[in-house]
Structures are given as C-alpha cells and as structure tokens.
Amino acid sequence: MSERNLGEVILAVHNISLSFGIMKVLDNISFDIRRGEIRSIIGPNGAGKSSMLNVINGFYHPQQGSITFKGETRKQMAPHRAASHGIARTFQNIALFKGMSTLDNIMTGRNLKMKTNLFWQALHIGPARAEELENREAAEKVIDFLDIQAIRKKPVGKLPYGLQKRVELGRALAAEPDLLLLDEPMAGMNSEEKEDMCRFIIDVNSEFGTTIALIEHDMSVVMDLSDRVLVLDYGKQLADGEPDEVRANQTVIDAYLGVPHE
Amino acid sequence: MFYRETGQFKANYQDDQALFPIDQDRYVIFAVLFITFAVVPMLLNQYWLNAILLPFLIYSLAALGLNILTGYCGQLSLGTGGFMAVGAFSVYKLMVAFPELGFIPLVLISGFITAAVGTLFGLPSLRIKGFYLAVATLAAQFFLIWLFNKVGWFFNYNATGMITSPPMTLFGVIVTGPEANPVAKYYLVAGFVAVFALVAKNIARGRIGRNWMAIRDMDIAAELIGVRPLIAKLSAFAVSSFYIGMAGALYFAVWLGSAEPTEAFDINQSFLVLFMIIIGGLGSVLGSFLGAAFLVIMPITLKNILVDGFGTNSALAAHIEIIIVGILIIGFLIVEPHGLARLWRIAKEKLRLWPFPY
Amino acid sequence: MLFFIEVALSGLMAGVMYSLVALGFVLIFKASGIFNFAQGVMALFAALTLVGLMEKFGMPAWLAIIGTIAVMIALAWLIERVMLRHLVNQEPIILFMATIGLAYVLEGMGDIMWGSDVKVLDIGIPQGAWDWLWDQGIYIEKLEMFAAVTAAILVVFLAIFFQKTRIGRALRAVADDHQAALSVGISLHTIWVVVWSVSGIVALVAGIMWGSKSGVQFSLSLIALKALPVLILGGFTSVPGAIIGGMIIGVGEKLAEVYFGPMVGGAIENWFAYMLALAFLLFRPQGLFGEKIIERV
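Residue numbers (our numbering), protein chains in the order written: chain U, 1 to 262; chain E, 1001 to 1358; chain H, 2001 to 2297.
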C-alpha cells in the first residue's frame, strides 16, 4: 500500500464534538484524509460512525470543532454546499428516490451539473435539450461502469436490495465527486455481491482517482481495501493508522476486533 | 399484438427520451389531438360545452397545477380554491383596467400574479411538512376568500360583491361574457390546456421535475445530493400556482361569466381538485386529465340516472351523489391508490402482451 | 376591563368546544396515525342521530344517548371492517384522503337518514346566563360552563384510560409501532374499533355541546377544520395539548375579532385561527406538547 500515489490532505476533521441533548455522539474526533486514499471508519454499532459522515456532509452540525475541505475551513456546512463542493455519499438505509426509475435516480445525481432555467426546460428545446442529452450520456457511462443497463427503466422500489445499493452508488458517482462517503455499502450482501462492490470501489478509486471514506463491518474487506483505518467507540477515537497497526492495537482488540478462537 | 414494441429500436438517447417513444402511443396522441381540435367543434352544442367540455378542460388545467405541487413535489395543498380566486380576480381587474392588452396576455399575467402569491404562501413549506403544511395552505384559502369578500377594491365596489366578466375579443370573436361564441371559447380553452399540458410534461421530465420528485420521495437525501429545498419547493409552488391561477381566470371569465368568491372558490373547490389528482393519479399528467374527466362527468351522469331515470328529487339526488363520491374515493384509495393513471399503465402492460396472458 | 374578561372567558369556553373535537382527532391519531378529517362530521352525525332518536322515536334523553353510543360503536366497527382494514400500511396522505371520503359519506347519510334542516337539541342542559357571574357584570352561559366541566371530566377519564388500563397500554403500543404491537399479540383490528368508538363517543359529547348551543346543522362539520389549528398548537398526539390548544385558539379568535375585527370589516374569525397556527408552526413545528422528530439518515 505504500507505493500508492496519495496526494495532499483533502479533508481534515479538527476536534469535532457532537451531542444530541445530553447524549454525546462524537467526542473530540480529529483525523484527515488524503487525496486518492481509501479510508475506513470502523467500530461497534452506535460508535458514531454514521454521525461522523453526517457531520462531514453538513447534515448534522457539530457543537465544537471544524472541518477543512479542499483548503477551506468551516464550522458547519449546509448539505447542498457540501454536495456542490464535491462530496457525495451513500446511506446505511438506502436513500433512493423510490418513485423514480434507476436512470432518473442517477440523473438526479447529475443535477448540480445542470443549469438551464425553467423557461427552456418548459419548451424542452435548445439548451435544455442539449444539456439533458449531455448528462444522459454521463449517466449512461455510470450505468455501464456498474453494469446495471438491464434495470435502467425499472422503478427502484421494485429492485432487490443488492441492486438498490448499486444504484445508490451510481447516483453518488454520477456527481463526479472528489470525496465519496460510503456508509456500509456491503451491508446485507452475500459474498458474491460483496466482491462486486469491492471491485467497484477499487475501480472508482483507481480509474477516477476519487477519494473514498468507507464505513464497514466486514474486517477482511476493511483490511484489504484501506490505506488507513480510523476506529471509533462510543464517540471516542480509539486508533488511527494503517490496517496492520490498527489490527494489532490492544484497545481496538478489546473494544471491537477480539482475538481469533483457538 | 397491436401494441408490440418489437422492431422499434432507438438508435440514440434523443429518441429514447422522446415524449412518446412507442409508435402506437404517438398515433393515439395524434388521434386525440385531431378529435379535440377538428372533430369535436363540429359536434358541439351549448349544453355539452358548458356542462362538460369547458369544466373538464379548465379543471384539467387546475388539476395539472395541483399535481405539480402535490403529486410531483409532495407538498400537500388545500388552497387551490383560494388561488383560483386570485387568478379570477386578477384577470377581472386587468380586463377592466387594460382591455387593450388582449385576453390571452391578461390570462398569462394573472397566472404570474397567482404564481407570486403562491410563492409567498409557499414560504412556510421550508419549515413545515406534510399535514402541517396543509394547515398553512388552509390559512391561505380562508384568508384569500375573506380578502376578496371584504376588500371592495377587488370587486370594484359593486354592491353584490360579485364580479362579472366584460366581453373580450380574440381575433375579432367574443370569447368572454354571456355573448361569447361557444366554438371560440372551446378553441381558446382547449388550446391553453394543450399547450400547458405539454409544458408540464416537459418540465416534469427534466431536471426541475426530477428535483421535485426527489424532494417528494426523500427530501433529506435530495438535499444531500445538492438539490436546494428552497428553490425546489418554491418553484413547485410558483409553477403550480401559475397553472391554478390561469385555470381560475378561465373558470371565471370564459366558463362562468360571473362569480362570487365564497361560492365559486371555497374550500370545496380545493377538495374537488385534490380528489381529481388522487383519483386520476398523483405525479401524472395523464392522471390530471383522467381525474378531472371522472369528477366532472360522474356527478352529471349520476344526476341524470337518478333524477331523470328514477325520478328521485334533486335534493335527495344531491345527497346520494355526495355519498357516492365519498364511497368512490375510499374505494379508489383501497383498490388503486395510485389512481386511474396507474390502472391505465397496467392496462397498457397487458395490452403489450395481448393476446398472451403474461 | 370587565368587557375584556368577558370576551376572554367567552373565548375560553368556545375554545373548550374546539378542544372536544380536537380530542377525538388526537385519540385516533395516537392509536393509528390516521388524521381523521371526518371527526367534525362524526360529531354532526352523532348529534343528528341523537335528535333523530328523540324526535322520531320519542325516546327520553338518557335512552337516546345510549342508543346513539351504540350507533357510534357500530359505525366504528363498520369503518374498521370496510375501510381501515384495507388501508393498513398506506401512506398518511392516502389515509387522510380516505377520511375525507368518509366525511362525505357520513354527511350524505346523515342528511338522508335524519333530514338536513336545522334541529334543536335539548337534553336538559341548563341554559341561560350564569347567575353568579352575571351579578358581577360578566355574561357567561351556563351551557358553556357545563361543557367545560364535561371536557375536564372527559380528559381525566381518558388520561386514566390510557395510563392505567390494559387496553390503554395496548393503544399506546399500537400508536408507537403497528408491527411490534402485532408481534406481541395485540389485535390491531380490535384496537382500532375501540379507538374509533371512543372517538365516536367524544364526537357525540362535542356534538351535544355544540348542538345545544347553536342547533344541529351542517356548519357543525366545518368545526373540524377549525380543530386543525388547535391540533397544530397543541401537538397532534397530546390530550392536554388539545385542551390547551383549543383554549388558546378560542381566546385568540375572540379577542382578535372584538379588538381588531372592526378595523378591517369583521369576520376575522374565518382565518385568524389558521394564521395563528401558521405563525406558531414557523417557530415550533411540533406544537406545544408534540414530540420533536429527530430525523435519521
């Protein structure tokens, strides 16, 4: 992993603390992610991993701390700002638009790239039409990449779980993000589906150079894929480093990993 | 057999995204347009026009408007009656003050005025969702009707509070008021509806329509992928009110001829249009038409059967009609909550395979 | 000053009337997540049935009340069987629409069964001004006081019902999570019949109060719409909220009408409640006592 060409820091999290009422969800978390890296966040359930992603996204606003993304430091960000600055994500419980087809869902991912105003849209000629076709091509590239051509026009609500997760990945990819946040992308999948998803993640990282932050419970996946791993437990930061380091860290073993049985 | 798609391959995205990619659909639409504009005017009579065709067309326009807001964008609104009133009173004041501008531009301007009002009343939608938003729209409904009743400026201080449409001409033919030419009225309204149905379809299949549906389906996720809820919701309110305002203007000026705010635009109107889009199908242009047709034709048919057929007195018939409307609504919601448009789509699916069962 | 007190008290009383209708809403919403638009019409229907039984069948008041309660229970059973059962798991807006349909059906049925003219409802509730206060210069009707006391008793009874009884507990379970309740053996169907029956009885009480005050007529069903702002203020799931919300709306409306009405031509009552609710929503979307929703992604 050390031969990988990792760039400068793209995202830095400084002393983030988040509480809901008296419940402290994140306690003084600091870490960074380098451009082109695949970073994993692991920890037991309720550790605050999704909440951390939500903070990066701008969905939750931390009480303390700040985030530096692509050089700009902010205390909090509106969600659509995060999106327009190049952060895309998938969700733990699939957040697809169930009333629309696969293609339409992926096209919504392109919405930040589309600018024509209401008037041209109403007539659907000229700039509106050209823009629609241009983005359709981009969406189709994503569809090809993820091999979901067959379900293009199907309403996503009718798709099996594994395919829905893939479509959600497609929607995130369509936005051509700099930073991709994946929240348990392999939850609920069998080993074949997991292999496919792994392959996609690696391809996205190597072909498009997208930086990836990944929450995952499957340790073999985490250890194989990641450049660095962050471990959270009850909102606190337990460890942060390369997979082998983390695997050997005693606190991590006690809290989460355990030891192999004899 | 008749509805097979084999052989109809699309060579580029443009064809695939066309409004009617399946050839048979295209023929049907051309036939419908032909019948609408070439055949029906020949067969018109005053009764059909006033009792069925004009209300159907005008309510279709209103239903399209409400469908944009509630069906596509998921914002429940009970203020349709009030917004129709805004359109009606706008066009009235404009007709009295600036008749030289021409009727069509005046209707469009009324639409824009209603869009502005609608956007204003839509502002709460940024904080409030679901039923709570319905209450906000109810506030709009009751306030607007009260306003048009009380403030004399709106009805030019005449004693009854009613507004009457002055005659306006289009290409030399009178289209509003009691002396209007029925065929002209029909073409005018049908033209409006055809054009704006196309516009609605275009917006719905583009970026703005997708953003609306994204907000409807999961507004949090939509925001997180960069859809700005403010813009999406307010644009839905604006476009929706534009349509509803125009419908109100046509309702008053072309169909009724004169109107009184509490009767013509009260809360029952809001419910009526809402039922139309529910029975017709939320989030569907076709559904808006089907729902409007159903709720315009059904009461008339019912009354004809009950009063003329069985000789029931009209008061009793009115009560029975209410019951049947209620039962039909419940029935529809149980059997096909997605409305007639979904039933139509299912029928088309079956037709594609006909004569094979599956 | 005295006038102000009188207006305020009168508003409070009116508010109690609204609360009675709002209570019915809250019950059904708490137990099934359905916003019952037909609540107002149910009150009308109950009152119509009561009067009908007394007039057409010559029953004495107490017997007619029992008869009407029986009718409302039968109605609840029918609603569950024919409508609710088939709409389990549908989205809230669909359920709401269905209750609008129900409102239409009940309205038509009430008109056909008992006639649509205005009826006088007199079951012996004391009428006229409350003498003790009248001597002090304040005019409050005995009827309104009676309604307030009834409402208070009803609230206490319902609170005990929900907190202490087995069925009450089951109702709270169903309100929280249909499927979980099913999995511990609570029968949704029975619960719903119970809830709609209780709601029907609450509607009857509301109908009696309103009907005694201003006659039984169609406008009773429009009260349902007024109950919405009450629920907004009080929160959709709170019994005390319905009462307090009702009182705030009642007082607010009356004060606005009396003090601001003349400036703008009157009839502010038509929309004031909604504007008040709207303003409230902007600052506190879940109402005074409603539950704050934390959205999770």
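Beta carbons are placed, not taken as given, at the ideal position from N, Cα and C, and that holds for glycine.
- Listed by chain order, chain E residues near U/Phe-59 by CB distance under 9 Å: Those are Ile-1220, Glu-1223, Leu-1224, listed as they occur along chain E.
- Task: Alpha carbon to alpha carbon, how far is H/Ala-2277 from E/Leu-1078? Give it in angstroms, no decimals.
- Result: Rounded to the nearest angstrom, the two C-alpha atoms are 15 Å apart.
- Task: Could you check how far apart the C-beta atoms of E/Phe-1089 and E/Val-1117 are, in whole angstroms? I think they sit under 8 Å.
- Result: About 11 Å separates the two Cβ atoms, so there is no contact after all.
- Query: Counting along the chain, where does the alpha helix (DSSP H) carrying H/Ala-2047 start and finish?
  - Reply: Unbroken alpha helix (DSSP H) run through H/Ala-2047: 2039-2056.
- Task: Decide if E/Phe-1034 is buried, meaning its Cβ has at least 16 other Cβ atoms within 10 Å, or exposed.
- Result: So E/Phe-1034 ends up on the exposed side.
- Looking at the unbroken alpha helix (DSSP H) that takes in E/Asn-1202, where does it start and where does it end? Counting along the chain, the alpha helix (DSSP H) containing E/Asn-1202 begins and ends at 1182-1204.
- Item | Buried or exposed (CB count within 10 angstroms, at least 16 for buried), E/Ile-1300 | Answer is exposed; the Cβ neighbour count stays below 16.
- Query: Of the choices E/Asn-1268, E/Leu-1295, E/Trp-1344, whose alpha-carbon is the least far from that of H/Ala-2103?
  - Reply: Looking at the Cα atoms, E/Asn-1268 is the closest of the given residues.
- Query: Anyone know if the C-beta pair for E/Leu-1302 and E/Ile-1320 falls short of 9 Å?
  - Reply: In this structure, E/Leu-1302 sits near E/Ile-1320, with a CB-CB distance shorter than 9 Å.
- Message: Between E/Arg-1352, E/Leu-1316, E/Phe-1294, E/Ile-1322, which has its C-alpha nearest E/Gly-1339's C-alpha?
- Response: Closest by C-alpha distance to E/Gly-1339, out of E/Arg-1352, E/Leu-1316, E/Phe-1294, E/Ile-1322, is E/Phe-1294.
- Task: Output the distance between the C-alpha atoms of E/Asp-1016 and E/Val-1325, rounded to the nearest integer angstrom.
- Result: Approximately 40 Å between the Cα atoms of the pair.
- Task: Measure from the alpha carbon of U/Phe-97 to the alpha carbon of each residue in U/Asn-190, U/Glu-168, U/Thr-210, then state which is nearest.
- Result: Measuring from the Cα of U/Phe-97, the nearest candidate turns out to be U/Glu-168.
- Give the residues from the stretch 1131-1146 of chain E that approach chain H closer than 7 Å (Cβ to any Cβ), ordered along the chain. Residues passing the 7 Å Cβ filter: Phe-1131, Tyr-1132, Val-1135, Ala-1136, Leu-1138, Ala-1139, Phe-1142, Phe-1143, Trp-1146.
- Which of helix, strand or coil does DSSP assign to H/Phe-2035? Coil at H/Phe-2035, not helix or strand.
- Task: Can you pull the chain E residues whose beta carbon is under 7 Å from the beta carbon of H/Asn-2270, in chain order?
- Result: What H/Asn-2270 touches in chain E: Phe-1142, Trp-1146.
- Simplified DSSP assignment, three categories, for U/Ala-237: Checking the displayed sequence, the identity of residue 237 of chain U turns out to be Gln instead of Ala. If DSSP states are grouped into helix, strand and coil, U/Gln-237 belongs with the strands.
- Evaluate contact between the stretch 1164-1180 of chain E and the stretch 1031-1049 of chain E, counting only Cβ atoms and requiring at least three cross-stretch pairs below 8 Å. Too few Cβ pairs lie closer than 8 Å, so no.
- Item | Own chain partners of H/Ser-2197 with C-beta closer than 7 Å, once the 5 adjacent residues on each side are dropped | Cβ neighbours of H/Ser-2197 beyond the five flanking positions: Met-2072, Ile-2073, Ala-2076.
- Task: Kindly provide the ranges of any beta strand (DSSP E) runs that are 3 or more residues long and lie completely inside the stretch 123-151 of chain U, ordered along the chain.
- Result: None, since the stretch 123-151 of chain U contains no complete beta strand (DSSP E) of that length.
- From the beta carbon of U/Pro-44, is the nearest beta carbon of chain E less than 9 Å away? At a cut-off of 9 Å between C-beta atoms, U/Pro-44 does not count as an interface residue with respect to chain E.
- Listing by chain order, which chain U residues have their CB less than 9 Å from the CB of E/Ile-1203? Taking a Cβ-Cβ cut-off of 9 Å, the neighbours of E/Ile-1203 in chain U comprise Leu-118, Gln-121, Ala-122, His-124, given in sequence order.
- Coarse secondary structure for U/Val-13, derived from DSSP in three states: Three-state result, U/Val-13: strand.
- Message: Taking the beta strand (DSSP E) that U/Ser-66 belongs to, which residues open and close that run?
- Response: In the DSSP assignment, U/Ser-66 falls within the unbroken beta strand (DSSP E) covering 64-69.
- Task: Could you please give the first and the last residue of the uninterrupted beta strand (DSSP E) stretch that includes U/Asp-227?
- Result: Looking at the DSSP string, U/Asp-227 is not in any beta strand (DSSP E), and its letter there is neither H nor E.
- Please name the residue in H/Tyr-2274, H/Gly-2200, H/Val-2174 whose C-alpha comes closest to that of E/Ala-1139. Ranking H/Tyr-2274, H/Gly-2200, H/Val-2174 by Cα distance to E/Ala-1139 puts H/Tyr-2274 first.
- Message: To the nearest angstrom, how far is the alpha carbon of U/Phe-119 from that of H/Ile-2094?
- Response: Rounded to whole angstroms, U/Phe-119 to H/Ile-2094 spans 33 Å at the Cα level.
- Task: Give a yes or no on whether 9 Å exceeds the smallest Cβ distance from U/Ala-213 to chain E.
- Result: Answer no: the Cβ-Cβ gap between U/Ala-213 and chain E never drops below 9 Å.
- Query: Hey, quick one: how far does the beta strand (DSSP E) through U/Leu-180 stretch, first residue to last?
  - Reply: Start and end: 179-183.
- With 16 other Cβ atoms within 10 Å as the buried cut-off, status of E/Lys-1350: Answer is exposed; the Cβ neighbour count stays below 16.
- Name the chain E residues that come within less than 8 Å of U/Arg-89, Cβ to Cβ? Chain E residues near U/Arg-89: Leu-1224.
- Message: If you measure between the beta carbons of H/Leu-2143 and H/Met-2209, is that distance less than 9 Å?
- Response: A contact, by the Cβ cut-off of 9 Å.
- Item | Reduced DSSP category for H/Ile-2112 - H, G, I as helix; E, B as strand; rest coil | Look at H/Ile-2112 here: in three-state DSSP terms it is helix.
- Message: By alpha-carbon positions, which one of H/Thr-2150, H/Met-2054, H/Ile-2005 ends up nearest to H/Ala-2203?
- Response: Of the candidates H/Thr-2150, H/Met-2054, H/Ile-2005, the one whose C-alpha sits nearest the C-alpha of H/Ala-2203 is H/Thr-2150.
- Query: By Cβ distance below 8 Å, which residues in the same chain neighbour H/Ile-2186 in space, the five residues on each side in sequence not counted?
  - Reply: So the list reads Ala-2170, Ala-2173, Val-2174, once near-sequence residues are dropped.
- Query: Whose C-alpha, out of H/Leu-2188, H/Leu-2228, H/Ile-2248, H/Asn-2270, is nearest the C-alpha of H/Ala-2038?
  - Reply: Answer by Cα proximity: H/Leu-2228.
- In terms of residues, what are the limits of the alpha helix (DSSP H) holding U/Leu-53? Residue range 49-57 is occupied by the alpha helix (DSSP H) that includes U/Leu-53.
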